[in-house]
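Report on the structure given below.
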Amino acid sequence: MDLSTAPAEDPRPDPTDLHLRVLAWYADHARDLPWRRSDATPWGVLVSEIMLQQTPVARVAPVWEEWLRTWPRPADLAAEPAGEAVRAWGRLGYPRRALRLHAAAQAIVEQHGGEVPSTYDELLALPGIGDYTAAAVASFAYGQRHVVLDTNVRRVLTRVLRGAELPSPAVTRAERDLATEHLPDDDRTAAAWAVGVMELGALVCTASRPSCGRCPLADTCAWRAAGHPSYDGPVRRAQTWAGTDRQCRGRLLDVLRATDGPVPAQALVGAWDDADQRERCVASLLDDGLLVRLEGDRVGLP
DNA sequence: CAGGCGTGGGG
DNA sequence: TCCCCAAGCCT
Numbered sequence: 001m002d003l004s005t006a007p008a009e010d011p012r013p014d015p016t017d018l019h020l021r022v023l024a025w026y027a028d029h030a031r032d033l034p035w036r037r038s039d040a041t042p043w044g045v046l047v048s049e050i051m052l053q054q055t056p057v058a059r060v061a062p063v064w065e066e067w068l069r070t071w072p073r074p075a076d077l078a079a080e081p082a083g084e085a086v087r088a089w090g091r092l093g094y095p096r097r098a099l100r101l102h103a104a105a106q107a108i109v110e111q112h113g114g115e116v117p118s119t120y121d122e123l124l125a126l127p128g129i130g131d132y133t134a135a136a137v138a139s140f141a142y143g144q145r146h147v148v149l150d151t152n153v154r155r156v157l158t159r160v161l162r163g164a165e166l167p168s169p170a171v172t173r174a175e176r177d178l179a180t181e182h183l184p185d186d187d188r189t190a191a192a193w194a195v196g197v198m199e200l201g202a203l204v205c206t207a208s209r210p211s212c213g214r215c216p217l218a219d220t221c222a223w224r225a226a227g228h229p230s231y232d233g234p235v236r237r238a239q240t241w242a243g244t245d246r247q248c249r250g251r252l253l254d255v256l257r258a259t260d261g262p263v264p265a266q267a268l269v270g271a272w273d274d275a276d277q278r279e280r281c282v283a284s285l286l287d288d289g290l291l292v293r294l295e296g297d298r299v300g301l302p
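Written as structure tokens, this is what we have:
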């Protein structure tokens, strides 16, 4: 290559080049996920995004299929008691998401005529929908241009553009600015870029053991060029599990999911030995609305 | 804003 | 076995 006529070297890769590489890679390697099919509705996309918050694709897929079969439109879910959503949620984890999705369906019916709203601000106002999910639905379901910053996108951009292994625990202003600078200008390309970078992070540029040999951005990746330096930022405290309220709440709710209707409060005793903790968790589940107390000293799903 | 909130699979 | 998660949100 003749460098004598090349322009001054820009250490940063050309955004358009990144876009083309990611779009081409996605066209060849994207997974055929049900919520990406051409017949998927905005409601289907929204449901998938809520379910995928902290839960792997493999476990979401079958529940999503059944959910959409049962409640193909927001109004179908909104007409049900919230407990039916909690029951159908099964073992996806974080069941408060089921409650919020049900509440979102009701808000969609009451405030948006039963149609999933298309603007970021309207989506953000729905229960259970934060910055990421609002941007994702607006982008994936409605083809709009938004900065979609999930853990996958953050990791890819951090590696390729900043040369670090992992992003900081919380999104910084500089990180968001960087993502914005690299967003394609037009809606269509920006939406394709968002889903493409996410997929690249999920399949190739993974948190552990990334497959740089299969990465379309390998030869422009700052992290790879730097020799894959290890993460040196603040360490997020490892989450304990055994004996926590989270485990206790899960056990308690599992009793209700396993039966059709309400159960005597006494039926929860076998689910957790520590009586104090059990009562505290029952109280918190009641407070969250995941559990309701009924007459005759019984408890049930809402 | 740090901490709470489920679950089951893989290294 | 034990540890680390996996497309965050809310307070």
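Numbering-wise (the working numbering), the first sequence opens with residue 1 and increments by one.
Ideal Cβ positions, reconstructed from N, Cα and C, are used throughout, including at glycine.
With contacts defined as CB atoms closer than 8 Å, A105 and L123 fail to qualify as a contacting pair. Using a 10 angstroms sphere on the CB of P62, the tally of other CB atoms stays under 16, which defines it as exposed. Between L290 and R59, the CB-CB gap reaches or exceeds 8 Å. Residue pairing from DSSP leaves L33 without any beta-bridge partner. According to the DSSP assignment, G128 belongs to no beta strand (DSSP E), since it is labelled neither H nor E. Under a 10 Å Cβ-count criterion, Y132 is classified as buried, with 16 or more other Cβ atoms of the shown protein chains found around its own Cβ. R154 sits in a helix when the DSSP states are folded into three classes.
Contact between R173 and V147 does not hold, since their C-beta atoms are separated by about 12 Å, which reaches or exceeds 8 Å. The three-state secondary structure of G196, taken from DSSP, is helix. Check the Cα spacing between W71 and each of D150, T55, Q53 and L46: the tightest is with L46.
Taking G130 as reference, the option from G300, R278, T240 and I50 with the minimal CA-CA separation is I50. Between A191 and Q144 a beta carbon distance of about 7 Å is seen, short of the 8 Å cut, so the two are scored as contacting.
A residue is called buried once 16 or more other Cβ atoms fall within 10 Å of its Cβ, and A258, having fewer, is exposed.
Taking 8 Å as the cut-off, the Cβ atoms of R278 and L268 count as close. Within the DSSP bridge table, the entry for P264 names R298 as partners.
The closest CA to that of D187, considering only A179, Y142, D28 and E66, is found on Y142. Contact annotation: the stretch 147 to 163 touches the stretch 217 to 226, with at least three C-beta pairs closer than 8 Å. Going by beta carbons, E181 and Y231 fall outside the 8 Å limit.
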